[in-house]
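Numbering-wise, the sequence shown is residues 0 to 320 according to numbering that gives the first Met the number 0.
Here a beta-carbon is modelled for each residue, glycine too, at the ideal position from N, C-alpha and C.
From a predicted model like this one, the values you see are computed outputs, not experimental measurements.
Comments concern the structure below.
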Amino acid sequence: MDLKIKPKLIIHGGSGNSLKSKGGATVVRRSLYPVVEEVYSLLLSGVSAALAVVRGCQMLEDDPRFNAGTGSVLQSDGQIRMSASLMDGTSQSFSGVINVSRVKNPIDLVNFLQTSPDRVLSDFGAAELARELQTPTYNGLTDLRLQEWIQERQDNFKRVMANVVAEQEMLETNNARRGTIGVVALDTNGKLAVGTSTGGKGFERIGRVSDSAMPAGNYATPHAAVSCTGIGEDIIDECFAARVVVRVTDGMSLLEAMQRSFAEADEHKRDFGAIALDATGAISWGKTCEILLAAYHDGEKIGDTLEIPVGTEVGSISTQD
Ligand code: GLY
0 MDLKIKPKLI IHGGSGNSLK SKGGATVVRR SLYPVVEEVY SLLLSGVSAA
50 LAVVRGCQML EDDPRFNAGT GSVLQSDGQI RMSASLMDGT SQSFSGVINV
100 SRVKNPIDLV NFLQTSPDRV LSDFGAAELA RELQTPTYNG LTDLRLQEWI
150 QERQDNFKRV MANVVAEQEM LETNNARRGT IGVVALDTNG KLAVGTSTGG
200 KGFERIGRVS DSAMPAGNYA TPHAAVSCTG IGEDIIDECF AARVVVRVTD
250 GMSLLEAMQR SFAEADEHKR DFGAIALDAT GAISWGKTCE ILLAAYHDGE
300 KIGDTLEIPV GTEVGSISTQ D
């Protein structure tokens with residue numbers, strides 16, 4: 000195939016403050032790399048960035064290790080409520096669902112809403128849409144997430160968030176971590192798209208709205224696309240994804256936009272991570288937290304951010320060749 004543009008891809012499975020479970024980085028790589036491989040093959044075959052992003056989000060939502068779809072954390076009342084959004088950079092169309100329950104893949108509802116006159120639906124509206132589309136009822140509860148909730152209930156909900164990765168050892172070490180999944184893609188036509196999906200923070204009040212279904216956590220233009228993961232309130236306060244994307248759209252390089260925006264986030268003591276692509280093919284990631292579970296394909300090989308140094312860090316690779 001005569002490729003006009005070499006596709007690029009970066010995905011994440013959350014961020015947090017340590018990765019100490021048995022297997023650690025190896026186990027997480029085992030989840031992330033097959034997604035990178037499948038979605039990158041789709042991009043090479045000419046699939047659009049938006050469709051590739053939807054497929055990547057489906058795969059990550061289906062992995063019980065991550066806090067989205069199957070394996071979502073439970074809210075304070077013991078229920079799963081999920082939020083997701085998709086933004087096509089070319090059409091600059093944002094769609095989302097907020098606090099939807101009993102569906103396998105929230106990203107599918109969001110994909111349908113891309114061409115709807117009403118593009119962001121909350122709980123009742125999202126449930127009604129799922130019913131109209133005859134989406135099968137699905138319970139994404141896993142034993143580990145239930146145990147995590149019961150343990151936290153016994154401790155009277157002392158922790159502010161659930162674990163980013165669902166692992167027995169995570170449950171035992173009781174470290175607070177943050178979970179969300181995200182996919183950012185640049186297709187062979189040079190088009191960008193981004194999708195983000197989450198079960199929320201875990202143990203939150205009913206009705207709390209996640210950044211993952213807002214432009215603060217998921218945003219794209221024809222110039223750049225960003226997906227965030229971490230404490231939603233911090234991401235919203237920085238309006239982080241939109242902040243980086245607007246800076247690149249106004250002429251800043253992606254690396255500079257990420258460095259400046261993360262320096263501001265660090266100054267404000269925020270706690271989150273983000274992944275990004277621009278239309279030139281530059282890939283970037285950053286974090287103010289200790290770990291960012293991200294993996295990418297730079298056109299030549301797969302890499303990841305699982306073992307980059309602890310603390311505030313912004314990384315970048317490659318431009319289009
Ligand atoms: N970033 C996911 C959440 O806070 O809901």
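Measuring from the CB of residue i, is there a heavy atom of the ligand GLY at a distance below 7 Å?
| i | result |
| --- | --- |
| residue 12 | no |
| residue 23 | no |
| residue 287 | no |
| residue 211 | yes |
| residue 234 | yes |
| residue 190 | no |
| residue 338 | The chain is shown from 0 up to 320; residue 338 falls before or after that span and cannot be answered. |
| residue 230 | yes |
| residue 216 | yes |
| residue 7 | no |
| residue 95 | no |
| residue 304 | no |
| residue 199 | yes |
| residue 248 | no |
| residue 114 | no |
| residue 179 | yes |
Using a Cβ-Cβ cut-off of 8 Å (strictly less than) and excluding sequence neighbours within five positions of residue i, which residues of its own chain qualify?
| i | result |
| --- | --- |
| residue 126 | 99, 100 and 101 |
| residue 170 | Residue placement at residue 170 cannot be trusted, given a pLDDT of 48 that sits under 50; the coordinates are not used to answer. |
| residue 3 | 187, 188 and 189 |
| residue 141 | 63, 69, 70 and 165 |
Got a sec? Which residues, its chain only, sit under 7 Å from residue i by beta carbon, not counting five neighbours each side?
| i | result |
| --- | --- |
| residue 293 | 9, 10, 11, 274, 284, 303 and 304 |
| residue 287 | 261, 264, 265, 269, 270, 271 and 311 |
| residue 203 | 74 and 75 |
| residue 47 | 186 and 190 |
| residue 282 | 7, 9, 276, 295, 297, 315, 316 and 317 |
| residue 137 | 101, 102 and 103 |
Do you know whose CA, among the options, lies nearest residue i's CA?
| i | options | result |
| --- | --- | --- |
| residue 83 | 73, 89, 95 and 75 | 95 |
| residue 206 | 32, 74 and 5 | 74 |
| residue 224 | 140, 93 and 197 | 93 |
| residue 181 | 78, 217 and 28 | 217 |
| residue 201 | 71, 279 and 88 | 71 |
| residue 250 | 61, 277 and 24 | 277 |
| residue 49 | 88, 80, 296 and 238 | 88 |
| residue 91 | 187, 129 and 193 | 193 |
| residue 129 | 114, 115, 108 and 297 | 108 |
| residue 307 | 14, 3 and 7 | 14 |
| residue 296 | 31, 240 and 23 | 31 |
| residue 61 | 23, 299 and 103 | 103 |
| residue 237 | 267, 116, 258 and 256 | 267 |
| residue 246 | 222, 117 and 228 | 222 |
| residue 123 | 80, 255 and 152 | 80 |
| residue 53 | 77, 113 and 78 | 113 |
| residue 156 | 77, 133 and 253 | 77 |
Within the same chain, show all residues whose beta-carbon is closer than 6 Å to that of residue i, passing over the 5 residues directly before and after it, in chain order.
| i | result |
| --- | --- |
| residue 97 | 82, 121, 208 and 212 |
| residue 235 | 210 and 215 |
| residue 111 | none |
| residue 233 | 269, 270 and 271 |
| residue 51 | 38, 41, 42 and 184 |
| residue 55 | 10, 34, 38 and 182 |
| residue 242 | 260 |
| residue 119 | 95 |
| residue 248 | 220 and 222 |
| residue 226 | 181, 183, 193, 195, 217 and 274 |
| residue 258 | 313 |
Assuming residue i contacts residue j (C-beta within less than 8 Å), just tell me the rounded distance between them.
| i | j | result |
| --- | --- | --- |
| residue 86 | residue 219 | 4 Å |
| residue 301 | residue 35 | 5 Å |
| residue 105 | residue 196 | 6 Å |
| residue 178 | residue 69 | Incorrect: roughly 13 Å between the Cβ atoms, too far for contact. |
| residue 5 | residue 280 | 6 Å |
| residue 198 | residue 24 | Not really, about 22 Å apart at Cβ, beyond 8 Å. |
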